[in-house]
Structures are given as C-alpha cells and as structure tokens.
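Comments concern the structure below.
Numbering (my numbering), first residue to last: 4 to 224.
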C-alpha cells in the first residue's frame with residue numbers, strides 16, 4: 004500500500020489536463036478563430052452603423068413604429084416612452100451598441116438554428132446526440148465559457164456575440180424541431196401522394212405549419 008501511494012496518491016491532475024488542452028487549442032486554432040472573427044465583426048459594425056446613422060428622434064420613431072406594427076399600439080407606446088427615456092439619459096449610443104449586438108446574435112441564431120432544428124426533426128439519432136449539448140448550453144452559466152471564448156476570439160464585442168449565440172440558440176433549435184414534428188402526418192402523406200419532393204414538402208407544408216412554433220423560438224432567443 005505504501006509503495007502504491009508513492010506511485011499514485013489517488014488524485015487526478017484534471018486541472019493540468021484542462022490547462023494543457025486549452026493552451027494547445029489556443030496555440031493551434033487561434034488563427035482559425037480570428038479568421039471567423041472578421042465576418043462577425045464586419046456584420047456587427049454594419050448593424051451598429053445603421054442604427055447610429057439616423058438622428059436619434061428618427062430612430063426612436065422608426066423603432067416605435069415597428070413595435071406598433073408587430074405587436075400593437077400598447078407595445079408601440081411603451082417602446083416610444085422607453086426610447087425617449089434612454090435618449091434623455093444620454094446613453095443612446097451605448098443602447099444602440101447593445102441593440103446591434105442583440106440583433107447580430109439573433110441573426111446568427113436564425114442562420115444556425117433553423118437548419119439545425121430541421122435536421123433534428125428529420126433524425127431521431129441526431130436529436131438524441133444533440134439534445135444533451137443543448138441542455139448544457141442552456142444550463143451552463145455564460146461566464147463559464149466566456150473566458151475560453153475570449154482566449155480564442157480576443158477582447159471586444161465579438162466574444163459577446165458568440166456567448167449570446169451559445170445561450171440563445173437552444174430555444175430556437177428545440178421549437179423548430181418540435182414544430183416540424185407536430186405537423187399532422189396526414190398532411191405530410193397527402194403532400195407525398197401528390198408527388199411533392201422533400202424540398203417542397205419542407206417549404207410548402209412543414210415550415211408554414213410549424214411557423215408559430217418557430218416564431219416562438221425566435222422570440223425566446
């Protein structure tokens with residue numbers, strides 16, 4: 004027993020393994036992640052410039068009008084009052100930076116989440132594999148993966164976009180998957196009987212009928 008204790012004290016150097024793994028990842032893949040940073044940064048900068056280019060009052064009116072058209076007069080009025088308060092407090096530029104980060108993250112969530120949700124709806128095996136990953140993405144605190152993301156992408160707004168995508172992506176994937184799976188089988192069979200191709204079945208039947216669930220996923224994201 005004493006000899007075994009001298010060879011191994013019963014502890015595992017997990018911390019050293021993780022540190023070495025991160026060092027190796029940063030050393031070999033940081034150029035790749037910096038290349039990915041370019042398009043994200045360009046899109047984020049474009050959205051931010053578009054939001055800050057119009058005069059403040061014009062932007063307040065435009066955003067309030069969009070809210071009124073999408074959700075009714077009550078939300079439109081609430082948006083108008085809220086944005087006027089933000090402008091009077093002198094934090095309008097900071098608010099537009101935050102809004103651009105949110106909109107950019109949402110755009111990437113839609114680009115990634117819709118195809119992924121469609122794939123999970125078509126494959127039970129893929130759903131079983133990806134579901135634990137989605138659970139971990141939703142339940143893990145953002146600060147846990149913020150540090151590795153900063154190490155790989157550098158300091159700036161891009162790591163914020165990446166972390167937001169990681170946290171906001173699962174609801175859209177789940178509800179897209181759920182919406183397509185809940186499409187009535189008889190409608191799917193009828194479309195197939197009329198000779199619909201898989202693409203036509205998806206775009207003409209499944210996605211339109213699943214749209215309420217998909218929009219709920221976008222709303223949650």
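A virtual CB, placed ideally from N, CA and C, is assigned to each residue, including glycine. Only a predicted model underlies this, so the values are computations on that prediction, with no experimental measurement involved.
Residues of its chain near residue 51, where Cβ-Cβ distance is below 7 Å and the 5 sequence neighbours each way are ignored: 99, 100, 103
Identify which residue in 219, 157, 48, 134 has its Cα closest to the Cα of residue 106. 48
Considering residue 18, what are the terminal residues of the alpha helix (DSSP H) in which it resides? 17-55
Is the separation between the beta-carbon of residue 132 and that of residue 179 shorter than 8 Å? no
Any heavy atom of the ligand GDP closer than 7 Å to the CB of residue 206? Within the structure as shown, the ligand GDP is missing, as the structure has no ligands at all.
Under a three-way DSSP split, which group does residue 186 fall into? coil
Compute the Euclidean distance between the alpha carbons of residue 214 and residue 223, then round it to the nearest angstrom. 14 Å
Given residue 67, which residues of its chain have a CB within under 6 Å of its CB, disregarding the five upstream and five downstream residues? 79, 82, 83
Say whether chain D places a C-beta atom closer than 8 Å to the C-beta of residue 110. Note that chain D does not occur in the displayed structure, where there is just one protein chain.
Could you name the residues of the same chain whose beta carbon sits closer than 6 Å to that of residue 71, not counting the 5 residues immediately before and after it, in chain order? 79
Taking the Cβ atom as the reference point for each residue, do residue 175 and residue 114 lie within a distance shorter than 8 Å? no
4-residue-minimum alpha helix (DSSP H) runs that sit fully inside the stretch 172-221, ordered along the chain: 188-196
Mind the definition here: the stretch 149-158 touches the stretch 23-36 only if three or more C-beta pairs lie below 8 Å; say whether that holds. yes
Of the residues 165, 198, 171, 202, which one's Cα is nearest the Cα of residue 219? 171
Please report the distance separating the alpha-carbon of residue 206 from that of residue 187. 15 Å
Thinking just about the alpha-carbon of each residue, which of 86, 38, 74 is nearest to the one in residue 61? 86
Is it buried or exposed, residue 147, if we count other Cβ atoms within 10 angstroms and call 16 or more buried? exposed
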